[in-house]
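So the sequence shown is numbered by full-length UniProt numbering: it starts at 1 and just counts up by one. Input: a single structure, listed below in structure tokens.
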Amino acid sequence: MTPRHAIVAGGAGFLGSHLCDRLLEAGHRVTVLDNFSTGSRRNLEHLARHRRFKLREHDVVRPLPLDADGIFNFACPASPLHYQRNPVHTTLSSVVGVHNLLEQALRCGARIFQSSTSEVYGDPEVHPQVESYAGHVNIHGPRSCYDEGKRCAETLCFAYHRQHQVPVRIARIFNTYGPRMQPGDGRVVSNFIVQALRGDDITIYGAGEQTRSFCYVDDLIEGILRLMHAEVEGPLNLGNPRENTVLELAELVLRLVGSRSRLVFRPLPADDPKRRCPDIGRARRLLDWEPQVHLEDGLRETIAYFRRLLDVDRRVVSL
Ligand code: NAD
Ligand code: UDP
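Dropping the structure here:
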């Protein structure tokens with residue numbers, strides 16, 4: 001099923017804005033709902049005059065009756081820096097937000113996509129993480145507003161499916177990077193690139209031995225679209241199965257930028273997961289999907305984006 005009118009909640013953010021581009025290219029009508037807490041109008045300004053595109057300032061914690069064929073939910077801050085700033089609103093954005101969107105899907109018969117996260121696995125004791133792993137989350141920790149919010153959002157999605165037969169699709173998204181990340185949002189890829197471009201110190205948290213698996217945004221969006229169109233039950237991991245340490249990432253960014261920034265070591269945040277890598281066997285089998293973009297190539301694109309962005313900002317400041 002291809003949605004004719006798609007609602008993209010959180011569409012002014014990094015991932016949502018890329019999805020809007022793909023949906024519009026495919027001929028659909030798109031309405032973005034966003035409260036602009038972490039997203040940016042700049043991510044959507046190239047669509048401002050598009051006749052099939054609408055942007056509404058709206059917080060998903062409040063209901064908004066609006067008909068659609070498909071609903072994509074990205075509305076939640078994704079960077080630890082942002083989601084820990086207002087943990088109450090982060091929890092409500094996930095739980096009350098998805099409840100409102102599920103009610104909307106039920107009312108108008110829409111299919112709904114929920115962007116879940118590898119954080120539902122917490123600091124995992126199973127490696128790589130398979131969808132059947134129940135996770136290891138500290139329910140009181142500083143990350144719990146995000147982790148438990150997303151876990152409860154999955155629960156609500158399946159409850160609506162079981163009780164009301166709402167068609168739901170859930171991707172557990174692993175660390176994704178690319179153009180349109182916010183320069184100040186604190187995530188490792190944007191931090192390292194911006195620090196390297198400015199010649200600032202590169203901040204490694206802990207010894208940098210913790211791992212993440214970095215997926216380029218185009219690969220992820222392709223996976224999301226395939227999932228939305230497929231008949232898949234249960235949550236699905238989407239991410240890159242190639243694992244890197246944070247230190248390896250820092251060294252690669254320095255080399256690609258040609259920067260002489262120094263590495264400095266800062267305390268590791270509480271509950272920071274030590275290892276993270278998806279098992280994407282189900283996505284390979286059910287969607288015939290796997291990431292195509294090599295980390296080095298994706299980083300080159302992302303570096304080029306931040307170079308342009310910082311250049312524009314510098315020119316604006318000097319006017
Ligand atoms: P982002 O912060 O760039 O985008 C989130 C968007 O949602 C922003 O535009 C923000 O303004 C909006 N928003 C937040 N709370 C809202 C609310 N209550 N009502 C309306 N709009 C709201 O983050 P992103 O990286 O694009 O992530 C998008 C989604 O994907 C998030 O739900 C996140 O949890 C999930 N995810 C992302 C990653 C990743 O690596 N990027 C990994 C796992 C999961
Ligand atoms: N990190 C780091 N320096 C930074 C930002 C992050 O070393 O400037 C580390 C962070 O501690 C974590 C990893 O990089 O181990 C990924 O962090 P990010 O916030 O991007 O995502 P998440 O922790 O949610 O995977």
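Where a beta carbon is used, it is the ideal one built from N, C-alpha and C, also for glycine.
From the options, pick the residue whose C-alpha is nearest to that of residue i; which is it?
i, options, result
"V257", "L268, V189 and I7", "V189"
"A68", "K54, P80, C76 and V61", "K54"
"L263", "D272, P273 and L247", "L247"
"A105", "Y160, V232 and F174", "Y160"
"V120", "G109, E290, E154 and D311", "E154"
"F192", "E251, A110 and L24", "E251"
"A12", "P77, V61, A26 and A207", "P77"
"V61", "S94, H82 and T38", "S94"
"D201", "V166, N240 and F265", "F265"
"H294", "R308, L249, R49 and V8", "L249"
"T31", "R187, E222 and L66", "L66"
"R41", "P63, G10, G27 and A283", "G10"
"L23", "I221, P269 and D272", "I221"
"D21", "N244, L310 and D218", "D218"
"Y146", "A48, A75, L197 and Q163", "A75"
"E103", "V232, V166 and H82", "V166"
"R52", "E25, N43, G206 and L64", "E25"
"L44", "N86, P179, L81 and R169", "P179"
"D271", "H82, H229, D123 and R187", "D123"
"G208", "S79, V168 and P269", "P269"
"Q210", "N244, G199, L197 and M228", "N244"
DSSP beta-bridge partners for residue i?
i, result
"V32", "V8 and L55"
"I170", "Q114"
"F72", "V8 and F113"
"Y205", "R266"
"Q129", "P278"
"N138", "Paired residue(s): none; N138 is not in a bridge."
"R212", "N244"
"L236", "A171"
"G122", "H136"
"Y177", "Y216"
Compute the minimum distance between the beta carbon of residue i and the heavy atoms of the ligand ATP, and state whether it is under 7 angstroms.
i, result
"S116", "Absence of the ligand ATP is noted for the structure shown, with the ligand NAD and the ligand UDP being the only ligands found."
Starting from residue i, follow the alpha helix (DSSP H) in both directions and report where the run begins and ends.
i, result
"L19", "F14 to E25"
"H229", "V217 to H229"
"G149", "S144 to H164"
"L103", "It is worth fixing the name first, because residue 103 is Glu in this sequence and not Leu. Where E103 is concerned, the enclosing alpha helix (DSSP H) stretches over P87 to C108."
"N43", "Neither: N43 is in no alpha helix (DSSP H) and is coded neither H nor E."
"P80", "P80 to Y83"
"V194", "V188 to R198"
Please look up how many angstroms separate the CB atoms of residue i and residue j, rounded, as I've assumed it's under 8 angstroms.
i, j, result
"residue 332", "R29", "Past the boundaries of the shown model lies residue 332; the chain is included only from 1 to 319, so the question cannot be answered."
"H58", "N35", "7 angstroms"
"Q195", "S261", "6 angstroms"
"D185", "T90", "No, D185 and T90 are not in contact; Cβ-Cβ is about 14 angstroms, not under 8 angstroms."
"A171", "I204", "Between I204 and A171 the Cβ distance is about 29 angstroms, and since that is not below 8 angstroms, they are no contact."
Check: Would you call the stretch 68-86 and the stretch 97-111 touching, i.e. three or more CB-CB distances under 8 angstroms?
Finding: Result yes; three or more Cβ-Cβ pairs closer than 8 angstroms.
Note to self: Measuring CB atoms only, is the stretch 206-217 touching the stretch 174-189, in the sense that at least three cross pairs come out at less than 8 angstroms?
What the structure shows: yes
Notebook entry, point to check: Three or more beta-carbon pairs under 8 angstroms between the stretch 124-140 and the stretch 267-282, yes or no?
Noted result: At 8 angstroms Cβ cutoff, the stretches touch.
Notebook entry, point to check: Is it a yes or a no for the stretch 223-236 touching the stretch 284-294, going by three-plus beta-carbon pairs under 8 angstroms?
Noted result: With contact defined as three or more Cβ pairs closer than 8 angstroms, the stretch 223-236 and the stretch 284-294 are in contact.
Margin query: Three or more C-beta pairs under 8 angstroms: does that hold for the stretch 141-158 against the stretch 298-308?
Written below: no
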